Amino acid sequence: MSAVIAETSLPLEDRGLAFGDGVFETVLVRDGRPMLWEAHLSRLKRGCRRLGIPLPAMEAISELPGRLGEGQHVLKLIVTRGSGGRGYMPPSSPEPNWRWLSVPFTPRASCWWEGVRIRQCDWRLAIQPALAGIKHMNRLENVMARREWTDPAVAEGLLCDTHGDLVEATSMNVFWQREGRLETPCLDQAGVAGTLREALMTRHPIKEVHCPPDILGQAEAVWVGNSVQGLWPVIRLDDMTGEALHQWSLGPIHKPLQVTAHSLLGYPLPAVSGA
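Residues 1 to 275, numbered by full-length UniProt numbering, are exactly what the sequence shown covers, in order.
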């Protein structure tokens, strides 16, 4: 099936293209119905406010998912500051651009049932509290981290900040259970606060913590997830050389968090081994 594309071209002088001066959202849409839509719009607005970009016409944006028709799609929505200004200095009265792209989508369902292998990344995220949490367009740090491996058996890479605290995976948030408690990295210094993460935190007692990645060695279960792929249980964590650091068996402990995540996204409920 071919991609559904509209309003994707930007002028070369657009500040989003030139400087990453903008925000974006990536939304799972099922038969014209966007999953976690209010959370995506809320983060889009929050990002625009943080960067001082005027909000585009939200009525037009809100109509987009319904135009995609039947089937499962991923909708990428981009809002930039637009053109103008001089060098890095933005225009005093910016006129934002917004563009979108939709592509048919099939999730990696085997990752739900079989679990995934992940690895540590050498790249470190810069600490910048003013940008922490929002999904701004300057994602070069994530790109550089994702360059570190090509092995298809490795599904994700874990990123720490320059202080050594665990932050996120390259395109997912991280969760674990330790001594019976659900935890996730605190994202007040770096990282993207995912919409699935937000939804799970309103439904489960998940504590935000500042900690090094070594804490995963104390975990009974680990997951990575986002609002497009759902929640993947982790069965193995490698170091940067490919040597296994920790391994976990799939079991009933993984199921409650996955059931909530997949209910929110309309995916099949997991039936992990031993559940």
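By construction, the Cβ of each residue, glycine as well, lies at the ideal position given by its N, Cα and C atoms.
Quick caveat, the model's predicted, so the values are computed rather than measured.
{"query": "Assuming S171 and T195 form a contact by the criterion Cβ under 8 Å, report the distance between their Cβ atoms to the nearest whole angstrom.", "result": "At roughly 13 Å, the Cβ-Cβ gap does not stay under 8 Å, so S171 and T195 are not in contact."}
{"query": "One question on the structure: do L125 and A190 come within less than 8 Å of each other, judged by their Cβ atoms?", "result": "yes"}
{"query": "Could you tell me the distance, in whole angstroms, from the CA atom of P56 to the CA atom of V143?", "result": "28 Å"}
{"query": "Starting from F105, trace the beta strand (DSSP E) in both directions and tell me its first and last residue.", "result": "Looking at the DSSP string, F105 is not in any beta strand (DSSP E), and its letter there is neither H nor E."}
{"query": "What is the DSSP secondary structure of T195, counted as helix, strand or coil?", "result": "helix"}
{"query": "Beta strand (DSSP E) containing T162: first to last residue?", "result": "Element bounds for T162: n/a, residue is neither H nor E."}
{"query": "Taking the beta strand (DSSP E) that W149 falls in, what are its first and last residues?", "result": "Careful: W149 lies outside any beta strand (DSSP E) and carries neither H nor E."}
{"query": "Does DSSP put I5 in a helix, a strand or coil?", "result": "Residue placement at I5 is poorly supported in this model, since its pLDDT is 49, which falls under 50; the coordinates still yield a value, given next. If DSSP states are grouped into helix, strand and coil, I5 belongs with the strands."}
{"query": "Using only the alpha-carbon positions, how far apart do E114 and Y267 sit?", "result": "16 Å"}
{"query": "Contact defined as beta carbons within less than 8 Å: I believe A169 pairs with V224. What is the distance between those atoms, to the nearest angstrom?", "result": "5 Å"}
{"query": "Buried or exposed for S93, going by 16 or more other Cβ atoms inside 10 Å?", "result": "exposed"}
{"query": "Of the residues P129, T260, P252, which one's Cα is nearest the Cα of G47?", "result": "P129"}
{"query": "Kindly identify the DSSP beta-bridge partner or partners of N173.", "result": "G225"}
{"query": "Compute the minimum distance between the beta carbon of E59 and the heavy atoms of the ligand NAD, and state whether it is under 7 Å.", "result": "Questions concerning the ligand NAD fall outside what the structure shown contains, since it holds no ligand whatsoever."}
{"query": "Alpha carbon to alpha carbon, how far is H246 from V154?", "result": "14 Å"}
{"query": "As a quick exercise: from L231, E198, A219, pick the residue whose alpha carbon is nearest that of E156.", "result": "L231"}
{"query": "Please report the straight-line C-alpha distance between R147 and A244, rounded to a whole angstrom.", "result": "20 Å"}
{"query": "Would you say the region 80 to 94 touches the region 203 to 210, given that touching needs at least three Cβ pairs under 8 Å?", "result": "no"}
{"query": "Would you grab the beta carbon distance between T80 and P96 for me? Rounded to a whole angstrom, and I think it's under 8 Å.", "result": "6 Å"}
{"query": "Can you have a look at E183 and say buried or exposed, based on whether 16 or more other CB atoms are within 10 angstroms of its CB?", "result": "buried"}
{"query": "So the alpha helix (DSSP H) C48 belongs to, where does it begin and stop?", "result": "37 to 51"}
{"query": "Report the CB separation of E63 from K135 in whole angstroms; it is logged as a contact under 8 Å.", "result": "Rounded, the Cβ-Cβ distance is 21 Å, inconsistent with contact."}
{"query": "Which residue comes first and which comes last in the beta strand (DSSP E) that contains R86?", "result": "Counting along the chain, R86 falls outside any beta strand (DSSP E), and DSSP gives it neither H nor E."}
{"query": "Which residue's Cα is closest to the Cα of L39: G133, W248, F19, G82?", "result": "According to the sequence shown, residue 39 is Ala rather than Leu. Ranking the options by Cα distance to A39, first place goes to G133."}
{"query": "Can you name the start and end residues of the beta strand (DSSP E) that E25 belongs to?", "result": "22 to 30"}
{"query": "Rounded C-beta distance between V23 and M35? I'm assuming under 8 Å.", "result": "Not really, about 19 Å apart at Cβ, beyond 8 Å."}
{"query": "Is P205 buried or exposed, if buried means 16 or more other CB atoms sit within 10 Å of its CB?", "result": "exposed"}
{"query": "Helix or strand or just coil, what does DSSP make of A190?", "result": "coil"}
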